[in-house]
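Keeping their order, the protein sequence lines are chains A and B.
Take the first sequence: its position 248, counting from 1, is numbered 248 in the numbering used here, and each next residue is one higher.
Take the second sequence: its position 313, counting from 1, is numbered 313 in the numbering used here, and each next residue is one higher.
2 protein chains.
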Amino acid sequence: MSRRRVTLADLAQAAGVSRTTASLVMTGRGRELRISHDVEQRVLRAADELGYRPNAVSVGLRTGTSRTIGFVSDTVATSRLAGDMIKGALEAARERGVMLFIGETEGDPDLERGLLHAMQDRQVDGIILAAMFTRTIKVPKDIGPAVLLNALPKPASGLPSIVPDEVEAGRSAARVLLDAGHRDGVYLIGAGPRLRDGPVDSVAAVERLQGIRDSGLKIAGARACPDWQPEEGLAATRALLAEHRPKALICLNDRLALGAYQALQDAGLSVPDDVSVVSFDDHPIASWLRPKLTTVALPYYELGRKAVEVLFAQMGEESEPGQVHRVAMPVRLRESVKPR
Amino acid sequence: MSRRRVTLADLAQAAGVSRTTASLVMTGRGRELRISHDVEQRVLRAADELGYRPNAVSVGLRTGTSRTIGFVSDTVATSRLAGDMIKGALEAARERGVMLFIGETEGDPDLERGLLHAMQDRQVDGIILAAMFTRTIKVPKDIGPAVLLNALPKPASGLPSIVPDEVEAGRSAARVLLDAGHRDGVYLIGAGPRLRDGPVDSVAAVERLQGIRDSGLKIAGARACPDWQPEEGLAATRALLAEHRPKALICLNDRLALGAYQALQDAGLSVPDDVSVVSFDDHPIASWLRPKLTTVALPYYELGRKAVEVLFAQMGEESEPGQVHRVAMPVRLRESVKPR
DNA sequence: TCGCATCGCTAATCCGATTTAGCAAAGGGA
DNA sequence: TCCCTTTGCTAAATCGGATTAGCGATGCGA
């Protein structure tokens, strides 16, 4: 039904010139190599009429570049989180006329190797290695141009990393309470009081705690949770309420906050009249909860964009090896914090 | 640092044979074309030692096939929904040794054209056209082998479609209540009572209503909502409670159910003791809510898998044109329905 | 011993572009 | 008029494989 693609040879014939000339015109090197304006127009017109588009595979073989990058994640593509990360990467890629391969490794090293090979075999120009949760990862050998997204290389690899600025986010969360006049009665749900009290391997836990500590806000107490799920937030807050009467809660993420809301409600306490709540992530539920949850957002979209930008910068010129790019986490002021 | 890739020529030289012979052995046509067992082993061993992997771009140019398919969605890749759809497609693709390009059109026809071109220029073997919500879409001309995912072609196009079986889902939801002994006092939140009372263009609304009607379950009343957001569920349920005392609610999706939960709670009604709630989608919040929400799941993962399977079947032999594949929507029995 | 089939492998071509090297014609200076 | 540039374009090589056509050596029957 649809007939054969128009090739450079077809175009050359239609314009009455050689393939070389047609190619020179189409790649914009006509001026440089002294193709007359007349011939140039002839080729351009023919290309337009025939709807000529260069075969990217052929170009790839000849030039070694495919205008394609690979997005390899552990399992991020499936979670809501990843959605925006991929979206950011996708848009930044589109602006540069580049396509995106995606793949998930499920944390399986064999799958990862297979995926990377499949991408390298297709001559991707670069690779984005993404992680679901901010964490350290081991970078495979001979990966070529690459950046780490939401991850840091375990043995230093010289590859650039893009991560959310969690320490500053911790400060931001604390500052929200400070600005609202909270000086005491502030409790942590999910981690703390010591930096190591929280989910293992969680960069977010440690850095958020660090930021909160930096802020100078006095923390009255804390309940650690191993997995940051809603039930844990519920249990931790319930346990907390059994002993104390908090004026404000910093939940280490929104799922914990969801549980905390339930516990507060069960205890007949009002948010934010009795207890202010601040959280992290800006998960979709944050704006569905009532009152809407004030939270410090994970900038997934921006992280994805930035990954592509840094990857291109790296492919272009020499850049400082191993640079860590921290993306700001914006505060979403909503309804769960009240001045006192 | 990392040296040049191993090419077929390198392999041939290392094994002391011609490129032709090396190629024949590596593509498994050695037997067929009478390459001796001895030489075959020599080539295989050399390939192993050198770590030879054929350059997929070159193979693509020569054979015209790229072992790559394109996944084009309106904006599905960003939503939680899409996550699983992509994941299903990804796994089915990996099982077949195929890579996935992804792209989002944002509903912009120009972007869509550009994306499709970019993919065709890279010689994708087929394309999956996916939609965020089940709906009808206009299929571009000359798209080549393709399938519609979560969508139906507006002017019939002959392309196969993969959609969730919403009518059966409607029956399932009603059956859950019937099985629990509910015969009256059942209200709808989000759409109905007439088939056209619901969000415009929503295939889900119409078909779910149809299924509910098919079930024989008597519906006492309904409140339509235009956008199926939590606030609308809250408002609709509140309005309903002002006039009636429902025994059970069928919410047309989980976000509406979230709002309904809040309204019921505000009214001092208990789920499921006073009111049973059934819903659709199996959004992540469904299992976070308390009590956990019984809902009929959108089988995103299976939809994604099926799309790849159907695409391959279509690329293979002749298949019945325009076939519609309906994927079952499983009931997730949880805690929000109580027998009476 | 000749002719023909079979065996085992390879030379050459092709896919669709980019790129290098160079050729024929026109122009300019001596 | 001759030689040398410059102009404007093209032939041919290349990328890395798959594939077609065919070549030399051996075996076998007559």
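Note that the Cβ used here is the ideal one computed from N, Cα and C, for glycine as well.
Here the structure is a predicted model, which is why all the values come from computation and not from measurement.
- Query: Which parts of the stretch 138-208 of chain B are runs of the alpha helix (DSSP H), unbroken and 4 residues or longer, counting only runs that do not cross its ends?
  - Reply: DSSP runs (the alpha helix (DSSP H)) wholly in the stretch 138-208 of chain B: 166-179.
- Determine which residues share a DSSP beta bridge with Ile102 of chain A and list them. Numbered from 1 along the first sequence, position 102 holds the residue referred to as residue 102 of chain A. Its beta-bridge partners are A:Phe71, B:Leu100.
- Message: Applying the 10 Å Cβ sphere with the 16-neighbour rule, what's the burial state of Ser73 of chain B?
- Response: One-based indexing of the second sequence puts residue 73 of chain B at position 73. With 16 or more Cβ atoms within 10 Å of its Cβ, Ser73 of chain B is classed as buried.
- Item | Residue burial classification, Ser319 of chain A (beta-carbon count within 10 angstroms, cutoff 16) | Working through the first sequence from its first residue, we reach residue 319 of chain A at position 319. That one is exposed.
- Query: Between the C-alpha atoms of Val124 of chain A and Gly70 of chain A, what's the straight-line distance to the nearest angstrom?
  - Reply: Counting from one through the first sequence, the residue named residue 124 of chain A turns up at place 124. Counting from one through the first sequence, the residue named residue 70 of chain A turns up at place 70. Approximately 6 Å between the Cα atoms of the pair.
- Item | Residues that Ile127 of chain B bridges to, as DSSP identifies them | Within the second sequence, numbered from 1, the residue matching residue 127 of chain B stands at position 127. BP columns for Ile127 of chain B point to B:Gly70, B:Ala146.
- Query: Between the stretch 223-247 of chain B and chain A, which residues of the former have CB atoms less than 7 Å from a CB of the latter, in chain order?
  - Reply: For the stretch 223-247 of chain B, the residues whose beta carbon sits under 7 Å from a beta carbon of chain A are, in order, Pro230.
- Item | Coarse secondary structure for Asp274 of chain B, derived from DSSP in three states | The count along the second sequence starts at 1 and reaches residue 274 of chain B at position 274. In the three-state scheme derived from DSSP, where H, G and I count as helix and E and B as strand, Asp274 of chain B is classed as coil.
- Query: Which whole-angstrom value describes the C-beta separation of Thr295 of chain A and Val337 of chain A, a residue pair presumed to lie in contact below a C-beta threshold of 8 Å?
  - Reply: Along the first sequence, read from residue 1 onward, the residue named residue 295 of chain A stands at position 295. Along the first sequence, read from residue 1 onward, the residue named residue 337 of chain A stands at position 337. Actually they do not touch by this definition, with Cβ atoms about 10 Å apart.
- Does DSSP put Leu249 of chain A in a helix, in a strand, or in coil? Residue 249 of chain A sits at position 249 when you count from the first residue of the first sequence. When secondary structure is reduced to three states using DSSP, Leu249 of chain A falls in the strand class.
- So which residues on chain B does Lys306 of chain A lean against when the C-beta distance must stay under 7 Å? Residue numbering aside, residue 306 of chain A sits at position 306 when the first sequence is read from its first letter. Contact note: Lys306 of chain A does not reach chain B at a C-beta cutoff of 7 Å; the least C-beta distance is about 17 Å.
- Item | Paired residues, beta bridge with Thr295 of chain A - DSSP | Start at 1 with the first residue of the first sequence, and residue 295 of chain A comes out as number 295. In the DSSP assignment, Thr295 of chain A is bridged to A:Ser279, A:Arg332.
- Item | Beta-carbon proximity check, Ile250 of chain A vs Ala173 of chain A, cutoff 8 Å | If you number the first sequence from 1, residue 250 of chain A lands on position 250. If you number the first sequence from 1, residue 173 of chain A lands on position 173. Taking 8 Å as the Cβ cut-off, Ile250 of chain A and Ala173 of chain A qualify as a contacting pair.
- Enumerate in chain order the residues of its own chain whose CB-to-CB distance from Val271 of chain A is below 7 Å, with the five nearest sequence positions on each side excluded. If you number the first sequence from 1, residue 271 of chain A lands on position 271. Tyr261, Leu264, Val277, Pro291, Ser336.
- Residue-chain proximity (Lys87 of chain B, chain A), Cβ-Cβ < 8 Å: Along the second sequence, read from residue 1 onward, the residue named residue 87 of chain B stands at position 87. Chain A has a Cβ within less than 8 Å of the Cβ of Lys87 of chain B.
- Query: Considering only C-alpha positions, which residue in the set A:Glu302, A:His182, A:Ala12, A:Ser202 is nearest to Glu49 of chain A?
  - Reply: Indexing the first sequence from 1 puts residue 49 of chain A at position 49. Nearest C-alpha to Glu49 of chain A among A:Glu302, A:His182, A:Ala12, A:Ser202: A:Ala12.
- Task: Check the DSSP bridge columns for Val324 of chain B and list the partner residues they point to.
- Result: Residue mapping note: residue 324 of chain B aligns to position 324 of the second sequence, counting from 1. By DSSP's assignment, Val324 of chain B forms a beta bridge with B:Ser161.
- Task: State the Cα-Cα distance for the pair Ala239 of chain A and Asn253 of chain A, rounded to the nearest angstrom.
- Result: In the first sequence, residue 239 of chain A corresponds to position 239, counting from 1. In the first sequence, residue 253 of chain A corresponds to position 253, counting from 1. About 18 Å.
- Pick from A:Arg34, A:Arg4, A:Arg29, A:Glu40: whose alpha carbon is nearest that of Gly16 of chain A? Start at 1 with the first residue of the first sequence, and residue 16 of chain A comes out as number 16. Taking Gly16 of chain A as reference, the option from A:Arg34, A:Arg4, A:Arg29, A:Glu40 with the minimal CA-CA separation is A:Glu40.
- Contacts that Ala56 of chain B makes with chain A (C-beta to C-beta distance below 8 Å): Here residue 56 of chain B is taken as the residue at index 56 of the second sequence, counted from 1. Going along chain A in sequence order, the residues near Ala56 of chain B (Cβ under 8 Å) are Ala118, Asp121, Arg122, Gln123.
- Task: Specify, as a first and last residue, the run of the beta strand (DSSP E) that Gly221 of chain A falls within.
- Result: As a first step, residue 221 of chain A is located in the first sequence; it is residue number 221 there, counting from the start. For Gly221 of chain A, the enclosing beta strand (DSSP E) has its first and last residue at 221-224.
- Item | Terminal residues of the alpha helix (DSSP H) in which Ser36 of chain A lies | For the purposes of this step, residue 36 of chain A is taken as residue 36 along the first sequence, with counting starting at 1. Unbroken run through Ser36 of chain A: none, as it is neither H nor E.
- At a Cβ threshold of 8 Å, is Gly83 of chain A touching chain B? For the purposes of this step, residue 83 of chain A is taken as the residue at position 83 of the first sequence. Yes - at least one Cβ of chain B is within 8 Å of the one on Gly83 of chain A.
- When you compare only the Cα positions, how much space is there between Asp131 of chain A and Met329 of chain A? If you number the first sequence from 1, residue 131 of chain A lands on position 131. If you number the first sequence from 1, residue 329 of chain A lands on position 329. It should be pointed out that residue 131 of chain A corresponds to Ala in this sequence rather than to Asp. Their backbone Cα atoms lie some 17 Å apart in a straight line.
- Item | Beta-carbon separation (whole angstroms), Ile127 of chain A vs Ala307 of chain A, contact threshold 8 Å | The count along the first sequence starts at 1 and reaches residue 127 of chain A at position 127. The count along the first sequence starts at 1 and reaches residue 307 of chain A at position 307. About 10 Å separates the two Cβ atoms, so there is no contact after all.
- Cβ-based neighbour list, Asp273 of chain A, same chain, cut-off 7 Å, excluding 5 preceding and 5 following: Along the first sequence, one-based indexing puts residue 273 of chain A at 273. Closer than 7 Å at the Cβ level, and outside the excluded window around Asp273 of chain A, lie Lys338.
- Query: For Arg135 of chain B, which beta-bridge partners are listed by DSSP?
  - Reply: As a first step, residue 135 of chain B is located in the second sequence; it is residue number 135 there, counting from the start. DSSP, once it has assigned bridges, lists B:Ala151 as partnering Arg135 of chain B.
- Message: Here's a check: name, in chain order, each residue in its chain whose Cβ is nearer than 8 Å to the Cβ of Pro299 of chain A, leaving out the five neighbours to either side.
- Response: As a working mapping, residue 299 of chain A is identified with position 299 in the first sequence. A distance below 8 Å between beta-carbons, with the five flanking residues on each side excluded, links Pro299 of chain A to the following residues of its chain, in chain order: Pro164, Val327, Ala328, Met329, Pro330.
- Task: Would you please state the rounded distance, in angstroms, between the beta carbons of Glu104 of chain B and Lys141 of chain A? I believe it to be under 8 Å.
- Result: Here residue 104 of chain B refers to the residue found at position 104 of the second sequence. Here residue 141 of chain A refers to the residue found at position 141 of the first sequence. With a contact defined as Cβ atoms closer than 8 Å, Glu104 of chain B and Lys141 of chain A miss out at about 33 Å.
- Message: Helix, strand or coil, according to DSSP, for Glu317 of chain B in the structure here?
- Response: Indexing the second sequence from 1 puts residue 317 of chain B at position 317. Glu317 of chain B carries a coil assignment under DSSP once its states are collapsed to helix, strand and coil.
- Message: Can you tell me whether Leu217 of chain A is helix, strand or coil according to DSSP?
- Response: Position 217 of the first sequence holds residue 217 of chain A. In the structure shown, Leu217 of chain A sits in coil (DSSP, three-state: anything other than H, G, I, E or B).
- Message: So that I know if they touch, is there some Cβ in chain B lying closer than 8 Å to that of Gln262 of chain A?
- Response: Within the first sequence, the letter at position 262 stands for residue 262 of chain A. Residue-level contact by beta carbon holds for Gln262 of chain A and chain B, with a gap shorter than 8 Å.
- Would you call the CB atoms of Gly170 of chain B and Gly211 of chain B closer than 8 Å? Start at 1 with the first residue of the second sequence, and residue 170 of chain B comes out as number 170. Start at 1 with the first residue of the second sequence, and residue 211 of chain B comes out as number 211. Cβ atoms of Gly170 of chain B and Gly211 of chain B: closer than 8 Å.
- Item | Residue-chain proximity (Glu302 of chain B, chain A), Cβ-Cβ < 8 Å | As a working note, residue 302 of chain B is residue 302 in the second sequence. No, its Cβ sits nowhere closer than 8 Å to a Cβ of chain A.
- Identity of the residue in B:Leu33, B:Leu241, B:Gly233, B:Ala242 nearest Arg255 of chain B by Cα: Numbered from 1 along the second sequence, position 255 holds the residue referred to as residue 255 of chain B. Looking at the Cα atoms, B:Gly233 is the closest of the given residues.
- Item | Minimum C-alpha distance to Asp235 of chain B - residue among B:Ala267, B:Arg194, B:Pro54 | Reading the second sequence from its first residue, position 235 is the one you call residue 235 of chain B. The sequence as given places Ala at residue 235 of chain B; Asp does not occur at that position. Nearest C-alpha to Ala235 of chain B: B:Ala267.
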